[in-house]
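Novice:
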Amino acid sequence: MRSDRESRAPLGLKLAAAGGLLFLHVPILLIFVYAFTTEDRSYQWPPPGLTAKWLSVTWNRPDVWEALGLSVRVAAISTVIAIVLGTLCAAAVSRTRFFGREAVSLLVILPIALPGIITGIALRSAFSLADIPFSFWTIVLGHATFCVVVVYNNAVARFRRTSGSLIEASMDLGADGFQTFRHVVLPNIATALLAGGMLAFALSFDEVIVTTFTAGQQATLPIWMLEELVRPRQRPVTNVVAMVVVLVTFLPILAAYYLTRDGDRIAGAGK
Amino acid sequence: MNFASNLSDALWRRPRLTLALMLAPPLLWLGIIYLGSLFALLAQSFFSIDEFSGLIRYEWTLKTYGELLRPANLDIILRTVSMAAAVTLASALIAFPIAYYAARYARGKWKALFYLGVMLPLWSSYLVKVYAWKLILAKEGILTWLFAKLHLTWLLDAWLALPLIGGNSLSVSYTGTFLVFVYVWLPYMILPTQAALERVPGSMLEASADLGGSPAQTFRHVLLPLALPGIIAGSIFTFSLTLGDYIIPQIIGSSRLFIGQAVYAHQGTAGNIPLAAAFTVVPIVIMGFYLWMAKRKGAFDAL
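Protein chains in written order, with the working numbering: chain A, 1 to 271; chain B, 1001 to 1303.
#1: Please confirm if I253 of chain A has its CB atom under 8 angstroms from at least one CB of chain B.
#2: Which value, in whole angstroms, describes the spacing of the CA atoms of G270 of chain A and A1195 of chain B?
#3: Considering only residues of the stretch 112-137 of chain A, which uninterrupted alpha helix (DSSP H) runs meet the minimum length of 4 residues and lie entirely inside it, listed in chain order?
#4: If you follow the alpha helix (DSSP H) that N239 of chain A is part of, which residue opens it and which one closes it?
#5: Hey, is S42 of chain A's beta-carbon within less than 8 angstroms of any beta-carbon in chain B?
#6: With the cut-off set at 8 angstroms, would you say I83 of chain A and G164 of chain A are in Cβ contact?
#7: By the criterion of Cβ-Cβ separation under 7 angstroms, what are the contact partners of T249 of chain A in chain B?
#8: Could you check whether the Cβ of A91 of chain A sits closer than 8 angstroms to any Cβ belonging to chain B?
#9: Going by DSSP, what residue range makes up the alpha helix (DSSP H) through G69 of chain A?
#10: What span of residues does the alpha helix (DSSP H) with G1117 of chain B cover, start to end?
#11: I want to verify the contact list: residues of chain A whose CB lies under 9 angstroms from the CB of L1019 of chain B, in sequence order.
#12: Which of helix, strand or coil does DSSP assign to L13 of chain A?
#13: Excluding the 5 residues flanking M1 of chain A on each side, which residues of the same chain have their C-beta closer than 7 angstroms to its C-beta?
#14: So with CB distances below 8 angstroms, who are the chain A contacts of P1015 of chain B?
#15: Is it buried or exposed for N154 of chain A, if we count other Cβ within 10 angstroms and need 16 for buried?
#16: Which residues, taken in chain order from the stretch 186-202 of chain A, show a beta carbon closer than 8 angstroms to some beta carbon of chain B?
#17: S1048 of chain B bridges to which residues according to DSSP?
#18: Across the stretch 1169-1182 of chain B and the stretch 1126-1134 of chain B, are there enough close Cβ pairs to call them in contact, namely three or more that are closer than 8 angstroms?
#19: Can you tell which of B:F1114, B:A1084 and B:Q1267 has its C-alpha closest to the C-alpha of F1178 of chain B?
#20: Using a Cβ-Cβ cut-off of 6 angstroms (strictly less than) and excluding sequence neighbours within five positions of A219 of chain A, which residues of its own chain qualify?
#21: Is W1060 of chain B close to chain A? Criterion is C-beta to C-beta, closer than 8 angstroms.
#22: Exposed or buried, which one is W1154 of chain B when buried takes at least 16 other CB atoms within 10 Å?
#23: To be precise: take each residue of the stretch 1021-1043 of chain B, compare its Cβ to all Cβ atoms of chain A, and keep it if any distance is under 9 angstroms. Which residues remain?
#24: Sort out for me which residues DSSP pairs T37 of chain A with in a bridge.
#25: Any beta-carbon of chain B closer than 8 angstroms to the one on P222 of chain A?
#26: Which residues, in order along the stretch 1091-1102 of chain B, keep a beta-carbon less than 9 angstroms from a beta-carbon of chain A?
#27: Do we get a CB-CB distance below 8 angstroms when we pair Y257 of chain A with the residues of chain B?
#28: From what residue to what residue does the alpha helix (DSSP H) around V1285 of chain B run?
#29: Taking C-beta to C-beta, are F1047 of chain B and I1033 of chain B nearer than 8 angstroms?
#30: Check for me: the alpha helix (DSSP H) holding Y1131 of chain B runs from which residue to which?
#31: How would you label T119 of chain A, buried or exposed, when you count the other beta carbons within 10 angstroms and need 16 or more for buried?
#32: Of all the CB atoms in chain A, is at least one closer than 8 angstroms to the CB of L1211 of chain B?
#33: Pick out whichever of A:L22, A:R8, A:L229 and A:F32 has its Cα sitting closest to the Cα of V208 of chain A.
#34: Taking 8 angstroms as the threshold (beta carbon to beta carbon), is I1284 of chain B in contact with chain A?
#35: Which bits of chain A does Y1183 of chain B rub up against, with CB to CB less than 8 angstroms?
#36: Within the same chain, show all residues whose beta-carbon is closer than 8 angstroms to that of V1182 of chain B, passing over the 5 residues directly before and after it, in chain order.
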């Protein structure tokens, strides 16, 4: 009786859990159907017919390519900045105890804990007070600020599991600090940084709320989509773009998952 | 000895200096760019706007906060807070079975599947998710079609005829806004709830059953109190994210404003930065209070 209860869930619970997961996934799957519909004036369901022609129409749209290019460049540079800042912060917080340690971790989390609109309007009013014109770099400035936390979280978790005695052993064996970093610390945290970097990239690639405040005339891909959402002009192209965005963001998420999954088996963790 | 190893030896002997060098870049970045602009914004909420010229008057005053208390603005605040509360409650209800099943019954492959099943929607594009719901809730969309197939169109029409939560179609009603909010923030509720439930030992539930507790009593007196910190941790996200969002109610919903939209409108076309800044203080204060309550309930250990 008891072992039964351990292994089998009540039917109601199963149904509720399955229903919840369906609720999470069906809307995203619908996007894939809509990308191939022949209807181009409304969101009619069921689609009157299926066609692949919108793929080529979208492929030949320069504005989509331009937005995509800008998004990729912004995300790449923000990710690099976030990896550097996030790792430094994580190393400091997890290796040493110092006064104000809690405050430092709070400061890192704050940009993502407070609603994005606050970060956005704060940056915008600061730019206008300081007479900084909107540009590529104002977008990067905003994105890097809230991407730090993702890298930081991944790196802190890994540093906690990496034994400090490894570093001492390396030093005792005559390696200097840079050699220790290159041959001992980096291999241990590399996958965590890669995973954090991918999540930061996905976060920046998708960000729209802060970007609406820090971008001038330029449109990142989310801004392009937002304009289509508010005033639909080319529904089929938007459908295809939405599908591509789903596919493109799934890859780094899956990769980040597989990179951090085996994290428990890190050398020296058992000490 | 070369320069690099000299330098590294010097750093090793001075851990305080090393720490300072490591902390300086991130702290300078966040401190100057982020906190700097945040304080600049908050400072502006104490200025006011000249009603005749439309220019900002740079004198310290509480006049702008007084404007927040006008009925129209109080209405916006009340609307946003009630929406955030409703969304939080609904997410907790939907999230619990998923989190409980994943924590207690899913093993091996299923566990990974559940994890990815929550992570993928969490990380997939926010705008794409909102867009998907625009497709679903449209008058010619799948939901209307589904209701017609089930011969339940009368039910949908009756629902839309209700005051306040109804409207011309689902995509311009509060019901639509509510559905999209719940959908978009649900994963943020599932993950901490599941983390809290993972830590409930199965033997406790068995002990409760052995002592004669019915499943309902076990849930009420054992499971729920132990899961509560996780649910509160999740509610921090759902509540805060709903308070600050201005895109969802703009795309799916009636034309009545939420706090985020009010901030956006005041800083943009109206150029009334002081009032926009004062509006942003509302979610900050509410969240500060909320976090203080959550800390007292021990929700931070569940994060």
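Glycine included, C-beta positions come from ideal geometry on N, C-alpha and C.
Specialist: Reading it off the structure:
#1: Yes, because at least one Cβ of chain B sits closer than 8 angstroms to the Cβ of I253 of chain A.
#2: Note that G270 of chain A has pLDDT 36, beneath the 50 cutoff, so the model's placement of it is unreliable and the number below is only indicative. Approximately 23 angstroms between the Cα atoms of the pair.
#3: Listed in chain order, the complete alpha helix (DSSP H) runs (minimum 4 residues) inside the stretch 112-137 of chain A are 116-129.
#4: DSSP places N239 of chain A in the uninterrupted alpha helix (DSSP H) bounded by R235 to R261.
#5: yes
#6: no
#7: W1123, S1124 and S1125
#8: yes
#9: P62 to R95
#10: K1109 to W1123 is the span of the alpha helix (DSSP H), which, as asked, contains G1117 of chain B.
#11: A92, R95, T96 and F98
#12: Helix, per DSSP.
#13: Interpretation of M1 of chain A is limited by its pLDDT of 41, a score under 50 that renders its predicted location unreliable; the figure taken from the coordinates is listed afterwards. Here the set comprises nothing.
#14: T96
#15: buried
#16: For the stretch 186-202 of chain A, which is checked against every Cβ of chain B, the residues closer than 8 angstroms are L199 and A202.
#17: B:R1057
#18: yes
#19: Closest in C-alpha terms to F1178 of chain B, from the list B:F1114, B:A1084 and B:Q1267, comes B:A1084.
#20: Hits under 6 angstroms: A67.
#21: no
#22: exposed
#23: Correct list: L1021, M1022, L1023, A1024, P1025, P1026, L1027, W1029, L1030, G1031, I1033, Y1034, L1035, G1036, S1037, L1038, F1039, A1040, L1041 and L1042.
#24: Under the DSSP definition of a beta bridge, T37 of chain A partners with A:L50.
#25: Yes, contact with chain B.
#26: I1094, A1095, F1096, P1097, I1098, A1099, Y1100, Y1101 and A1102
#27: yes
#28: I1273 to R1296
#29: No, they are not a contact pair.
#30: Y1126 to L1137
#31: buried
#32: In terms of beta-carbon proximity, L1211 of chain B stays away from the interface with chain A, with every pair separated by 8 angstroms or more.
#33: A:L229
#34: yes
#35: Contacts between Y1183 of chain B and chain A, judged by CB atoms closer than 8 angstroms, involve F23, L24 and P27 in chain order.
#36: Contacts found: V1087, A1090, S1091 and I1094.
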